[in-house]
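A.B. asks:
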Amino acid sequence: MAESIAFTMGADRGAIYDEIIPQIEALIGGEKDAVANMANIAAVLREALGFFWVGFYVERSGELVLGPFQGPVACTRIKFDQGVCGHAYTTRETVIVPDVDQFPGHIACSSASKSEIVIPVFDAGGGVFGVLDVDSDRLNDFSQTDAEGLGKIVRLFEATL
Ligand code: SME
12 MAESIAFTMG
22 ADRGAIYDEI
32 IPQIEALIGG
42 EKDAVANMAN
52 IAAVLREALG
62 FFWVGFYVER
72 SGELVLGPFQ
82 GPVACTRIKF
92 DQGVCGHAYT
102 TRETVIVPDV
112 DQFPGHIACS
122 SASKSEIVIP
132 VFDAGGGVFG
142 VLDVDSDRLN
152 DFSQTDAEGL
162 GKIVRLFEAT
172 L
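Written out as structure tokens, the structure reads:
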């Protein structure tokens, strides 16, 4: 297993996704432990893309529970009808929120969080395993480039489940 991640500092996000995706595949492809893989994915995304907060919430007995993440401490439990994470879980769709203050029911784990993207993660049976949540301290920080790049990373993770 590689001991470090290589990426071009200062490159645009799309280029960095292209650089890190094969490295994430190598990092998690031979490992079946979901916690270990989520932890390494969060670490790579934080290191290569400098996100304010990046991590997973996993479904546990009818709610979302905080999983491996990088960044400031976060809310531990989120109900399916709450927040951006609950919305992504329920609709099974990627959600981009340019301004979290404009999203009804947004859960403010940190007042520094200004925009957000959440990608649902599916298990082998097609159920929702959980979500990948990325928060930015800048408004309107996420685009289709992130939806595609993070989506590819989530598909790699799903293949290990
Ligand atoms: N803002 C999220 C909650 C999770 S944290 O931001 C880490 C939401 O509304 O679902």
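Residue numbers for the sequence shown follow our numbering, beginning at 12 and rising by one.
Cβ atoms here follow ideal geometry from the backbone N, Cα and C, with glycine treated the same way.
1) Which of the three DSSP states, helix, strand or coil, is assigned to residue 29?
2) Under 8 Å between the Cβ atoms of residue 100 and residue 114?
3) Determine the closest residue to residue 150 out of 76, 162, 127, with distance taken between C-alpha atoms.
4) Shortest alpha-carbon distance to residue 45 belongs to which of 153, 141, 159, 152?
5) Here's the rule I'm using: 16 or more other beta-carbon atoms within 10 Å means buried, otherwise exposed. How should residue 110 be labelled?
6) Tell me whether residue 134 is buried or exposed, calling it buried when 16 or more other Cβ atoms sit within 10 Å of its Cβ.
7) Can residue 64 and residue 78 be called in contact, C-beta distance under 8 Å?
8) Which residues in the same chain have their Cβ closer than 7 Å to the Cβ of residue 43, if we skip the five residues on either side of it in sequence?
9) Return the residue from the list 74, 61, 48 that minimises the CA-CA distance to residue 20.
10) Is residue 57 helix, strand or coil when you go by DSSP?
C.D. replies: With the given structure in hand:
1) What you label residue 29 is simply residue 18 of the sequence shown in a count that begins at 1. Looking at residue 29 - three-state DSSP - the assignment turns out to be helix.
2) Counting from 1 along the sequence shown, the entry for residue 100 is found at position 89. Counting from 1 along the sequence shown, the entry for residue 114 is found at position 103. No, the Cβ-Cβ distance between residue 100 and residue 114 is not below 8 Å.
3) Counting from 1 along the sequence shown, the entry for residue 150 is found at position 139. Here the closest residue by C-alpha is 127.
4) Start at 1 with the first residue of the sequence shown, and residue 45 comes out as number 34. When each option's Cα is compared against that of residue 45, the closest is 141.
5) In the sequence shown, counting from the first residue as 1, residue 110 sits at position 99. Burial call: exposed.
6) The residue you call residue 134 lines up with position 123 of the sequence shown. By the 10 Å Cβ count, residue 134 comes out exposed.
7) Start at 1 with the first residue of the sequence shown, and residue 64 comes out as number 53. Start at 1 with the first residue of the sequence shown, and residue 78 comes out as number 67. Against a cut-off of 8 Å, the Cβ pair of residue 78 and residue 64 comes out as no contact.
8) As a position in the sequence shown, residue 43 is number 32, starting the count at 1. Correct list, in chain order: 171.
9) Numbered from 1 along the sequence shown, position 9 holds the residue referred to as residue 20. Nearest of 74, 61, 48 to residue 20, Cα basis: 61.
10) As a position in the sequence shown, residue 57 is number 46, starting the count at 1. Reduced to three states, the DSSP call for residue 57 is helix.
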